[in-house]
């Protein structure tokens with residue numbers, strides 16, 4: 176069996192220190208989106224009873240894990256990250272097989288994962304758990320308690336490791352609920368971690384959200400949820416926990432604008448649109464969802480964007496030539512074609528792409544112009560490689576267009592005048608703004624901050640993990 180091949184065994188949940196036996200009547204096969212004739216993984220779904228037991232297990236482990244010395248936890252998590260790095264090739268194979276992304280993107284995911292998580296380790300080491308005052312009195316940071324970590328399929332390793340590392344560093348037991356579309360990445364990550372931890376500190380529940388979600392979120396012992404996913408699911412989590420002592424960290428959807436001002440470096444802006452719009456086949460929360468370009472350079476920009484888009488090689492992730500992989504499922508292919516059809520029926524123009532390819536869930540990257548702000552393709556998150564372009568009258572109009580809709584995750588402004596670009600960017604209602612960088616550009620020291628319908632609660636990353644995964648206790652001494 177090839178290294179990284181998960182199709183020959185049935186993946187199961189980890190609860191209370193034990194990998195559950197597979198239930199024959201609950202085994203689900205997951206196809207490789209880049210080659211639908213290949214099984215990427217077979218997994219056994221947990222039940223609502225299993226989900227309840229997972230939170231029970233975390234609650235029972237809470238006191239002992241919180242009592243572990245901070246330095247011990249730092250060493251355990253550092254060791255986990257070292258093992259992930261040593262196992263990079265296997266993890267890349269798993270990610271590519273079940274998510275479909277090209278190996279280069281999977282390698283970047285593992286590297287980015289390690290960069291994020293090691294920053295969390297260093298931050299926890301540098302800042303510690305005690306904040307002194309000018310007297311003997313001080314603030315002590317303590318764990319919040321059992322944490323539910325809910326992760327998506329588009330970055331199946333990164334979102335788990337990025338959240339799990341600080342949650343455990345600060346003494347919280349966890350239950351991980353990964354996407355049912357990418358269970359193998361989650362199992363691989365947890366198998367590298369759980370032998371180093373006391374029983375029950377980490378639990379993994381495989382299953383559809385509708386089946387196991389209510390048992391997880393309604394459990395009385397749950398104290399926090401760190402979630403990355405759709406705005407609809409995040410909003411449902413907020414409603415389900417509104418009356419209880421459950422803190423939320425919700426990173427949700429986005430419709431991120433790339434604004435190209437009249438004096439922009441057009442070639443640089445085009446490359447940012449290609450990376451942000453078509454990287455990961457358009458399936459990343461901070462990717463570029465629309466381009467707003469000054470009317471005076473719109474045709475020049477479009478011509479160059481179309482030329483570059485047509486050059487992109489679409490294919491399975493394990494092909495060294497592939498630059499854009501498949502979308503995650505047949506349903507997403509159908510969504511993409513329907514979005515294009517709806518837009519063109521309303522007067523938009525498909526300039527390139529939008530063609531299906533056999534063998535997997537492939538759709539060629541599409542550029543659409545003659546878009547209006549009234550079209551859903553301009554306002555709603557697509558999460559497919561379809562990039563709408565709209566012309567703005569001037570910088571003020573570009574800002575107005577960038578603020579159209581309900582999302583506020585990321586935005587980027589391109590201009591040769593950095594001061595003008597910053598003035599423009601700071602008027603956009605988004606928690607992450609960029610100047611002359613693509614919309615998904617990140618630094619692990621800075622937060623992933625979703626405004627409006629893109630986020631709720633404390634943001635992810637940077638110093639905010641410490642704030643989210645701990646609660647302060649004031650200690651007064653004479």
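Residue numbers (our numbering): 176 to 653.
Backbone N, C-alpha and C fix where the C-beta goes; we use that ideal spot for every residue, glycine too.
Remember, predicted model here, so these are calculated numbers, not experimental data.
Residue environment, residue 488, which counts as buried when at least 16 other CB atoms sit within 10 Å:
Taking the first residue of the chain shown as 1, we reach residue 488 at position 313. Counting Cβ neighbours within 10 Å, residue 488 comes out exposed, since fewer than 16 surround it.
In chain order, each beta strand (DSSP E) run of at least 3 residues that lies wholly inside the region 414–467
Complete beta strand (DSSP E) runs here, min 3: 422–426, 431–435.
What does the alpha-carbon distance come out to for the pair residue 536 and residue 509?
Taking the first residue of the chain shown as 1, we reach residue 536 at position 361. Taking the first residue of the chain shown as 1, we reach residue 509 at position 334. Each residue's Cα considered, the two are about 10 Å apart.
Compare the C-alpha of residue 592 against each of 550, 439, 298, 511 and name the closest.
Taking the chain shown and counting its residues from 1, one reaches residue 592 at position 417. Measuring from the Cα of residue 592, the nearest candidate turns out to be 439.
Between which residues of its own chain and residue 241 is the CB-CB distance below 6 Å, once the five residues before and five after are set aside?
Translated into positions along the chain shown, residue 241 becomes position 66. Taken in chain order, the residues that qualify are 318, 346.
Can you tell me which of the three DSSP states residue 351 falls into?
The residue labelled residue 351 in the question sits at position 176 within the chain shown. Residue 351 falls in the strand class under three-state DSSP.
For residue 511, which residues from the same chain have a beta carbon less than 8 Å from its beta carbon, with the 5 sequence-adjacent residues on both sides left out?
Here residue 511 corresponds to residue number 336 of the chain shown, with the count starting at 1. Hits under 8 Å: 502, 529, 538, 541, 557, 559, 560, 561.
Could you tell me which uninterrupted beta strand (DSSP E) segments, each at least 3 residues in length, are contained entirely in the region 545–624, listed from first to last along the chain?
561–567, 585–589, 607–610
Checking the sheet assignment: what are the DSSP bridge partners for residue 189?
As a working note, residue 189 is residue 14 in the chain shown. According to the DSSP secondary-structure assignment, residue 189 is paired through a beta bridge with 194, 379.
Is the beta carbon of residue 219 less than 7 Å from the beta carbon of residue 197?
By one-based count along the chain shown, residue 219 stands at place 44. By one-based count along the chain shown, residue 197 stands at place 22. Cβ atoms of residue 219 and residue 197: closer than 7 Å.
Just tell me which of 330, 498, 427 has its CA closest to the CA of residue 634.
As a first step, residue 634 is located in the chain shown; it is residue number 459 there, counting from the start. Nearest option by C-alpha distance: 427.
Are at least three pairs of beta-carbons, each pair with one atom in the region 608–620 and one in the region 580–599, less than 8 Å apart?
yes
Look up residue 635 in the DSSP assignment and give the residues it is bridged to.
Within the chain shown, residue 635 is the residue found at index 460, counting from 1. Bridge partners of residue 635: 623.
Can you tell me whether residue 569 is buried or exposed? The criterion is at least 16 other CB atoms within 10 Å of its CB, across all chains shown.
Locating residue 569 in the chain shown gives position 394, where the first residue counts as 1. By the neighbour-count rule (16 or more Cβ atoms within 10 Å), residue 569 is not buried but exposed.
Where residue 239 sits in the DSSP three-state scheme
On the chain shown, residue 239 is found 64 positions in, with the first residue counted as 1. DSSP places residue 239 in helix when its eight states are reduced to three.
So, under 8 Å CB-CB, residue 378 and residue 400 are touching, yes? Tell me the CB distance rounded to an integer number of Å.
Locating residue 378 in the chain shown gives position 203, where the first residue counts as 1. Locating residue 400 in the chain shown gives position 225, where the first residue counts as 1. The pair is not a contact, with the Cβ atoms about 14 Å apart (cut-off 8 Å).
Report yes if the CB atom of residue 322 is closer than 7 Å to the CB atom of residue 342, and no otherwise.
For the purposes of this step, residue 322 is taken as residue 147 along the chain shown, with counting starting at 1. For the purposes of this step, residue 342 is taken as residue 167 along the chain shown, with counting starting at 1. The answer is yes: Cβ separation under 7 Å.
Range covered by the beta strand (DSSP E) that runs through residue 400
Taking the first residue of the chain shown as 1, we reach residue 400 at position 225. Looking at the DSSP string, the run of the beta strand (DSSP E) that includes residue 400 is 399–403.
So, helix, strand or coil for residue 357, using DSSP?
Here residue 357 corresponds to residue number 182 of the chain shown, with the count starting at 1. Residue state, collapsed to three classes: coil.
Residue 543 (DSSP reduced to helix, strand or coil):
Counted from its first residue, the chain shown places residue 543 at position 368. Residue 543 falls in the strand class under three-state DSSP.
Do the region 611–626 and the region 430–449 meet, that is, are 3 or more Cβ pairs less than 8 Å apart?
yes
Do the region 416–436 and the region 574–584 make contact, defined as three or more Cβ pairs closer than 8 Å?
yes
Let me know the secondary structure DSSP gives residue 471 once reduced to three states.
As a first step, residue 471 is located in the chain shown; it is residue number 296 there, counting from the start. Residue 471: helix per DSSP, three-state reduction.
Contact under 7 Å by Cβ, residue 376 with residue 352
Here residue 376 corresponds to residue number 201 of the chain shown, with the count starting at 1. Here residue 352 corresponds to residue number 177 of the chain shown, with the count starting at 1. Contact flag unset, no.
On the three-pair Cβ rule with 8 Å, is the region 247–263 touching the region 222–234?
no
I need the boundaries of the alpha helix (DSSP H) containing residue 389, first residue and last residue.
The residue you call residue 389 lines up with position 214 of the chain shown. First-last of the alpha helix (DSSP H) with residue 389: 384–392.
Short check: CB of residue 387 to CB of residue 221, under 7 Å?
Here the question's residue 387 lines up with position 212 in the chain shown. Here the question's residue 221 lines up with position 46 in the chain shown. Taking 7 Å as the Cβ cut-off, residue 387 and residue 221 qualify as a contacting pair.
Other residues of its chain near residue 263: CB distance less than 6 Å, five sequence neighbours each side excluded:
In the chain shown, the residue the question calls residue 263 occupies position 88. Taken in chain order, the residues that qualify are 285.
Buried or exposed: where does residue 309 fall if 16 or more other Cβ atoms within 10 Å of its Cβ makes it buried?
Within the chain shown, numbered from 1, the residue matching residue 309 stands at position 134. With fewer than 16 other Cβ atoms within 10 Å, it is exposed.
For residue 230, the three-state DSSP class (helix, strand or coil)
Your numbering for residue 230 matches position 55 in the chain shown. Three-state DSSP puts residue 230 in a helix.
Contact under 7 Å by Cβ, residue 276 with residue 500
On the chain shown, position 101 is the one that residue 276 refers to. On the chain shown, position 325 is the one that residue 500 refers to. Their beta carbons are under 7 Å apart, which means residue 276 touches residue 500 by this criterion.
Suppose contacts are defined by Cβ-Cβ distances below 7 Å. Is residue 491 in contact with residue 209 by that definition?
Looking up residue 491 in the chain shown gives position 316. Looking up residue 209 in the chain shown gives position 34. Contact: yes.
For residue 216, which option in 184, 524, 598 has the closest C-alpha, if you only look at C-alpha atoms?
As a working mapping, residue 216 is identified with position 41 in the chain shown. Ranking 184, 524, 598 by Cα distance to residue 216 puts 184 first.
Does the count of Cβ pairs from the region 401–415 and the region 624–639 closer than 8 Å reach three?
yes
What do you get for residue 640, buried or exposed, if any count of 16 or more other CB atoms within 10 angstroms of its CB means buried?
Here residue 640 corresponds to residue number 465 of the chain shown, with the count starting at 1. With 16 or more other Cβ atoms from the protein chains shown falling within 10 Å of its own Cβ, residue 640 counts as buried.
If we count the other Cβ atoms within 10 Å of its Cβ and call it buried at 16 or more, is residue 370 buried or exposed?
Taking the chain shown and counting its residues from 1, one reaches residue 370 at position 195. Classification of residue 370: exposed, given that the 10 Å Cβ count is below 16.
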